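Undergrad: What follows is a structure written as structure tokens; I'll ask about it next.
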Amino acid sequence: MVNAGDMNGSGNLMDFLDEPFPDVGTYEDFHTIDWLREKSRDTDRHRKITSKSKESIWEFIKSLLDAWSGWVVMLLIGLLAGTLAGVIDLAVDWMTDLKEGVCLSAFWYSHEQCCWTSNETTFDDRDKCPQWQKWSELLVTQSEGASAYILNYFLYIMWALCFAFLAVSLVRVFAPYACGSGIPEIKTILSGFIIRGYLGKWTLLIKTVTLVLVVSSGLSLGKEGPLVHVACCCGNFFSSLFSKYSKNEGKRREVLSAAAAAGVSVAFGAPIGGVLFSLEEVSYYFPLKTLWRSFFAALVAAFTLRSINPFGNSRLVLFYVEYHTPWYMAELFPFILLGVFGGLWGTLFIRCNIAWCRRRKTTRLGKYPVLEVIVITAITAIIAYPNPYTRRSTSELISELFNDCGALESSQLCDYINDPNMTRPVDDIPDRPAGPGVYSAMWQLALALVFKIVITIFTFGMKIPSGLFIPSMAVGAMAGRMVGIGVEQLAYHHHDWIIFRNWCRPGADCVTPGLYAMVGAAACLGGVTRMTVSLVVIMFELTGGLEYIVPLMAAAVTSKWVADAFGKEGIYEAHIHLNGYPFLDVKDEFTHRTLATDVMRPRRGEAPLSVLTQDSMTVEDVETLIKETDYNGFPVVVSKDSERLIGFAQRRELILAIKNARQRQDGVVSNSIVYFTEDPPELPPNSPHPLKLRRILNLSPFTVTDHTPMETVVDIFRKLGLRQCLVTRSGRLLGIITKKDVLRHMAQMANQDPESIMFN
Amino acid sequence: CLFPQAPTMFAQCSRNSMSPVVLLVLLGCLLCAPAQASKSSEDIRCKCICPPYRNISGHIYNKNVSQKDCNCLHVVEPMPVPGNDVEAYCLLCECRYEERSTTTIKVIIIIYLSVVGALLLYMAFLVLVDPLIRKPDAYSHPLHNEEESEDTRSLAVPTPAGARANTVLERVEGAQQRWKRQVQEQRKTVFDRHKMLS
């Protein structure tokens, strides 16, 4: 996020190539913003515009444009996010199929598109058509047999390695910030942290391009998390076009929250779910005005994606579910079991993934990122190819698992033994015994499940864009489908048991294994991310109705309870802790009885607080103080004896002000007195010109007394977004508490927590 | 195009690299493509899947009809069963109307491949050719201790505000050097020090 420097109207086109001058009022990289100051600056700006709007028609129009600029930004974000998502979907579709073969009539068609107009597709072999040829057919003109299989296998691995290597090289050379999911960092940015370049244009370009490459390479990752990052980059880009947002970091974050909602909306085709995800998971301060604007951005994005129509049937997601068969109360028991599985898997995944990421961070493994990506891709491709369920892309797998088996499905999962005399229409097929295809499919699904559980642990967190939603949903869908088929066969073969007798007559359609797959997917996703409302809303927007809301909620609630029993953090919070970002979580509760005096600095035995005095320090003293310490700010007191607090001065602004003064104001030398009062102090004659720095002084720093409970202090930090808070006693300055101190204190308390609660 | 004023808006940004902007303009114009694409005959179809029925094997029928004609009676030709069985057969068939835009697919894939190609070429240039060109120039900023903060440097040496490179080429050079330094910093943070995104 490069700050827009002060652009004069007379600057020519090439001015943007020059290095921007740092302003007073902008922030340094890896620092936290001052929320209160941003808010007051926005209020000032708004008041100025309102007062000027009464002067002339032109000013009035300008005030209208200013009011509408928010909506224009949302519209642009929605359009660009939808377009990029459509591009990503189409390109992934094509490149995934490129691993297996190529379309001879037009090379840019994927398998399905190639056979779209063909008349040679038959009922049994719906995928085959002469225009699409596998690589073995093209190179050695053989399509069956051992040599063809080995050649296809080899080329599959080669393509996967090629895509993955290209992706990691592009990330490394052009935009290292494009790796990972992006959601932990965006959470931190939205809470007030500055990471310059994280939402920049190169990051946007590289993330979009490499996301297509890594999803096509067959790695066990998804594109939903990175799509949120892409959408936030779009948000950052458009907000820098309007000075209302580019100069105010607080307002910019409102736009970013809305952009995150648009990102999830295009990932799942779920606008409401996207807004709720932004509200629940990603955003920190979410004013109500942002709710309506986020919804608008999400809708525009979903509509744009729909008009690009990447999947050919006006659906936004490949695995949209279209059936509405009912479910029964007795099925709640397997749904709750799936919830428990989801919670357990979530805990297992978070623990293992964090351990592996920590090992990558601290040992030699982290020195070979490119090699790591290539090895994991090779392992994934080698193991995934033989199993037809892992060979295809994960979205297609989820789509197949979610689908109900009508008479028309030709997949192995639907290989039930049909009654040849049956003449019932498509939707009303009764439960049938499983054929041999179903049994072999169950074996393959079990192997695929184990493989996916293991490989995702190593894949998430590599130095490529990687998302987590699709692999979790795949794990849940596989488990759910297996449970569903089990329950279905149990109901068929033992329809005289008590539980089945009431609701499952022979010849009726009792159990829908596709629904179990959906519930399993929701459970696993909830177990890993600890999403609650947004998860249920996304799932029911995927299914197009409220029918399945009770099973989805039962599974989501169960999985969250089970997972919370083992650890409070979801995967994103865990990654925030692993990386040490200064993120003060609103969901944590602080319930300890410590006081402000226990946390403040300086502690007993430490050096006294570095302060500036009101009018008795010289420029040289201030510069020495700045050089010797690395604090972000200094309290200003009346004098070293009285220690009464006047205000707080930021380090960056002191440096800039002194630098400006030395250059611009004549008479300011190292011996000049620095004063923060309104009038200059009494000085002996022939002393150099004093330097007035009252302009940069914050006259209303937040103070608490030393006996304020830490619970209140943490609450103040959270609600106001403070960076530091001064501790006083009877008006005299005692110490300072910074956000980092608060975070360290909370971490320390959390480690001591389990034992102390047990004996209460 | 939806945004005729887009190029002037982009020119006002203070950014240090133009190529992503150009590509975003291209993507913006992509929005025009689906709007203006006419429906060719390849782009719509009605697909009816009929399962095996008595002694007739399953079959898939495709026909280029509009959405209201997309049902079994219009699409399944020739009808494999005699007249009194048609209704029973058609109840088993499932018909779906699908449309796609071949122009969109072609344009998007070609643009994507050209973007990847351009990035590959630029990457090859940066990794292979650039160090050879720059070898005669000595590095002015060797890898110094990162603990030395920016602000002490800026206190000691005020940046000469007036010394700006005047020609366009030198400014582009300067912008590219700044961008490379930024990427190097990012690479150090993410790949070497593992401070972020681990």
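Here the protein sequences come in this chain order: L and R.
Per our numbering, the very first residue in the first sequence carries number 2; after that it's consecutive.
Per our numbering, the very first residue in the second sequence carries number -4; after that it's consecutive.
Just so you know, even glycine gets a beta-carbon here, dropped at the ideal spot from N, CA and C.
Treat the numbers as computed from the prediction; the structure is a model and nothing was measured.
Using alpha carbons as the reference points, say which of L/Lys224, L/Gly344, L/Asp125 and L/Ile62 lies closest to L/Leu319.
TA: Locating residue 319 of chain L in the first sequence gives position 318, counting from the first residue. When each option's Cα is compared against that of L/Leu319, the closest is L/Lys224.
Undergrad: Determine the direct distance from the alpha carbon of L/Ser412 to that of R/Glu82, and round the result to whole angstroms.
TA: For the purposes of this step, residue 82 of chain R is identified with residue 87 of the second sequence, where counting begins at 1. For the purposes of this step, residue 412 of chain L is identified with residue 411 of the first sequence, where counting begins at 1. Approximately 27 Å between the Cα atoms of the pair.
Undergrad: Nearest to L/Ser308 by CA position, among L/Phe243, L/Val88 and L/Ile184, is which residue?
TA: As a working mapping, residue 308 of chain L is identified with position 307 in the first sequence. The shortest C-alpha separation from L/Ser308 is found at L/Val88.
Undergrad: I'd like to know whether the C-beta of L/Pro370 is nearer than 7 Å to at least one C-beta of chain R.
TA: One-based indexing of the first sequence puts residue 370 of chain L at position 369. True, the Cβ-Cβ gap to chain R drops below 7 Å.
Undergrad: Strictly under 7 Å for the Cβ-Cβ distance: is R/Leu150 near chain L by that measure?
TA: In the second sequence, the residue the question calls residue 150 of chain R occupies position 155. Model confidence at R/Leu150 stands at a pLDDT of 44, short of 50, so the residue's coordinates are unreliable; what they give is reported in the following sentence. Yes, contact with chain L.
Undergrad: For the stretch 79 to 95 of chain L, list every residue whose C-beta sits within 8 Å of some C-beta in chain R, in sequence order.
TA: Leu80, Leu81, Thr84, Leu85, Gly87, Val88, Leu91, Ala92 and Trp95
Undergrad: Flag L/Gly481 as yes if its beta-carbon sits less than 7 Å from any beta-carbon of chain R, otherwise no.
TA: Stepping through the first sequence from its first residue, residue 481 of chain L is reached at position 480. Not a single C-beta of chain R is nearer than 7 Å to the C-beta of L/Gly481.
Undergrad: May I have a chain-ordered list of the beta strand (DSSP E) segments no shorter than 3 residues that lie completely inside the stretch 130 to 207 of chain L?
TA: Runs of the beta strand (DSSP E) inside the stretch 130 to 207 of chain L: 133 to 135.
Undergrad: Would you list, in sequence order, the uninterrupted alpha helix (DSSP H) runs of no fewer than 4 residues that lie entirely inside the stretch 509 to 556 of chain L?
TA: 514 to 530 and 534 to 544
Undergrad: When the cut-off is 7 Å and only beta carbons count, does R/His189 lie next to chain L?
TA: As a working mapping, residue 189 of chain R is identified with position 194 in the second sequence. Chain L, which has a Cβ nearer than 7 Å to the Cβ of R/His189, makes this yes.
Undergrad: Can you confirm whether the stretch 536 to 545 of chain L touches the stretch 354 to 366 of chain L when touching is taken to mean that 3 or more C-beta pairs between the two stretches lie within less than 8 Å?
TA: no
Undergrad: Spell out a yes or no on whether the stretch 719 to 737 of chain L and the stretch 634 to 650 of chain L are touching, meaning 3 or more CB-CB pairs, one atom from each, closer than 8 Å.
TA: Flag = yes, the stretch 719 to 737 of chain L and the stretch 634 to 650 of chain L touch.
Undergrad: How would you call L/Met2, buried or exposed, if buried means at least 16 neighbouring beta carbons within 10 angstroms?
TA: Taking the first residue of the first sequence as 1, we reach residue 2 of chain L at position 1. The predicted position of L/Met2 is uncertain, since its pLDDT is 40 and thus under 50; no value can be drawn from it.
Undergrad: I need the straight-line Cα distance from L/Tyr493 to L/Arg482, nearest angstrom please.
TA: Locating residue 493 of chain L in the first sequence gives position 492, counting from the first residue. Locating residue 482 of chain L in the first sequence gives position 481, counting from the first residue. If you take the alpha carbons of L/Tyr493 and L/Arg482, they lie about 16 Å apart.
Undergrad: Indicate whether at least one CB of chain L lies closer than 7 Å to the CB of R/Gln181.
TA: Residue numbering aside, residue 181 of chain R sits at position 186 when the second sequence is read from its first letter. The beta-carbon of R/Gln181 is placed less than 7 Å from the nearest beta-carbon of chain L.
Undergrad: Measure from the C-beta of L/Val74 to each C-beta in chain R and report whether the shortest distance is under 7 Å.
TA: For the purposes of this step, residue 74 of chain L is identified with residue 73 of the first sequence, where counting begins at 1. Taking Cβ atoms only, chain R never reaches closer than 7 Å to L/Val74, which makes this a no.
Undergrad: Assuming L/Thr595 and L/Lys561 make a contact with CB atoms under 8 Å, what is their CB distance in whole Å?
TA: Your numbering for residue 595 of chain L matches position 594 in the first sequence. Your numbering for residue 561 of chain L matches position 560 in the first sequence. No, L/Thr595 and L/Lys561 are not in contact; Cβ-Cβ is about 30 Å, not under 8 Å.
Undergrad: Hey, is L/Leu171's beta-carbon within less than 7 Å of any beta-carbon in chain R?
TA: Counting from 1 along the first sequence, the entry for residue 171 of chain L is found at position 170. Yes, contact with chain R.
Undergrad: Look up L/Met601 in the DSSP assignment and give the residues it is bridged to.
TA: Position 600 of the first sequence holds residue 601 of chain L. For L/Met601, which the question treats as bridged, DSSP gives no partner whatsoever.
Undergrad: Find the residues of chain L that neighbour R/Val60, judging by a C-beta separation of less than 8 Å, and give them in chain order.
TA: Start at 1 with the first residue of the second sequence, and residue 60 of chain R comes out as number 65. Per Cβ cutoff of 8 Å: no residues; R/Val60 is ~14 Å from chain L at best.
Undergrad: Under DSSP, the alpha helix (DSSP H) around L/Pro636 begins and ends at which residues?
TA: The residue labelled residue 636 of chain L in the question sits at position 635 within the first sequence. Run containing L/Pro636: none in the alpha helix (DSSP H); it sits in the beta strand (DSSP E), Gly634 to Val638.
Undergrad: Going by Cα to Cα distance, which pick from L/Gly545, L/Gly527 and L/Ser144 is closest to L/Glu323?
TA: Residue numbering aside, residue 323 of chain L sits at position 322 when the first sequence is read from its first letter. Here the closest residue by C-alpha is L/Gly545.
Undergrad: For L/Trp357, go through chain R and note every residue whose CB falls closer than 9 Å to its CB, in chain order.
TA: Counting from 1 along the first sequence, the entry for residue 357 of chain L is found at position 356. Within chain R, no residue comes near L/Trp357; the closest Cβ sits about 10 Å away, beyond 9 Å.
Undergrad: Would the beta-carbon of L/Glu187 fall within 7 Å of that of L/Val283?
TA: Locating residue 187 of chain L in the first sequence gives position 186, where the first residue counts as 1. Locating residue 283 of chain L in the first sequence gives position 282, where the first residue counts as 1. Going by the sequence as given, residue 187 of chain L is Ile instead of Glu. A contact, by the Cβ cut-off of 7 Å.
Undergrad: Could you tell me which chain L residues have their CB closer than 7 Å to the CB of R/Glu93, listed as they occur along the chain?
TA: For the purposes of this step, residue 93 of chain R is identified with residue 98 of the second sequence, where counting begins at 1. Per Cβ cutoff of 7 Å: Gly313 and Asn314.
Undergrad: Grab me the residues of L/Ser182's own chain with a C-beta within less than 7 Å of its C-beta, minus the 5 sequence neighbours each way, in chain order.
TA: For the purposes of this step, residue 182 of chain L is identified with residue 181 of the first sequence, where counting begins at 1. Excluding residues within five positions, the ones whose Cβ falls inside 7 Å are Gly226, Pro227, Ser467, Gly468 and Leu469.
Undergrad: Could you spell out where the alpha helix (DSSP H) holding L/Leu345 opens and where it closes?
TA: In the first sequence, counting from the first residue as 1, residue 345 of chain L sits at position 344. Note, L/Leu345: alpha helix (DSSP H), Leu333 to Thr363.
Undergrad: In chain order, what residues of the same chain lie with their CB nearer than 6 Å to the CB of L/Glu644, ignoring the 5 residues before and after it?
TA: Within the first sequence, numbered from 1, the residue matching residue 644 of chain L stands at position 643. Val638, Arg733 and Leu734, listed in sequence order.
Undergrad: With burial defined as no fewer than 16 other Cβ atoms inside 10 Å of the residue's Cβ, what is the status of L/Ser241: buried or exposed?
TA: Within the first sequence, residue 241 of chain L is the residue found at index 240, counting from 1. Looking at its Cβ environment, which holds 16 or more other Cβ atoms inside 10 Å, L/Ser241 is buried.
Undergrad: With distances taken from CA atoms, which of L/Ile190, L/Phe194 and L/Ala176 is nearest R/Thr184?
TA: The count along the second sequence starts at 1 and reaches residue 184 of chain R at position 189. That would be L/Ala176, whose Cα lies nearest to the Cα of R/Thr184.
Undergrad: For R/Phe120, decide whether its Cβ has a neighbour in chain L, counting only Cβ atoms nearer than 7 Å.
TA: On the second sequence, residue 120 of chain R is found 125 positions in, with the first residue counted as 1. In terms of beta-carbon proximity, R/Phe120 stays away from the interface with chain L, with every pair separated by 7 Å or more.
Undergrad: Name the residues in the stretch 47 to 80 of chain R whose C-beta lies less than 7 Å from a C-beta of chain L; which are they?
TA: Ser52, Gly53, His54, Ile55 and Asn57
Undergrad: In chain order, what residues of the same chain have a beta carbon less than 6 Å from the beta carbon of L/Ile351, not counting five sequence neighbours either side?
TA: Within the first sequence, numbered from 1, the residue matching residue 351 of chain L stands at position 350. The answer, listed in chain order, is Ile572 and Ala575.
Undergrad: If you draw a straight line from the alpha carbon of L/Cys163 to that of R/Leu127, how long is it in whole angstroms?
TA: As a first step, residue 163 of chain L must be located in the first sequence, where it is residue number 162. As a first step, residue 127 of chain R must be located in the second sequence, where it is residue number 132. Between L/Cys163 and R/Leu127, the C-alpha separation is close to 27 Å.
Undergrad: Could you pull the DSSP bridge partners for L/Phe649 from this structure?
TA: Along the first sequence, one-based indexing puts residue 649 of chain L at 648. BP columns for L/Phe649 point to L/Pro636 and L/Asn699.
Undergrad: With DSSP collapsed to three states, give me the class of L/Pro370.
TA: For the purposes of this step, residue 370 of chain L is identified with residue 369 of the first sequence, where counting begins at 1. Note: L/Pro370 maps to helix in three-state DSSP.
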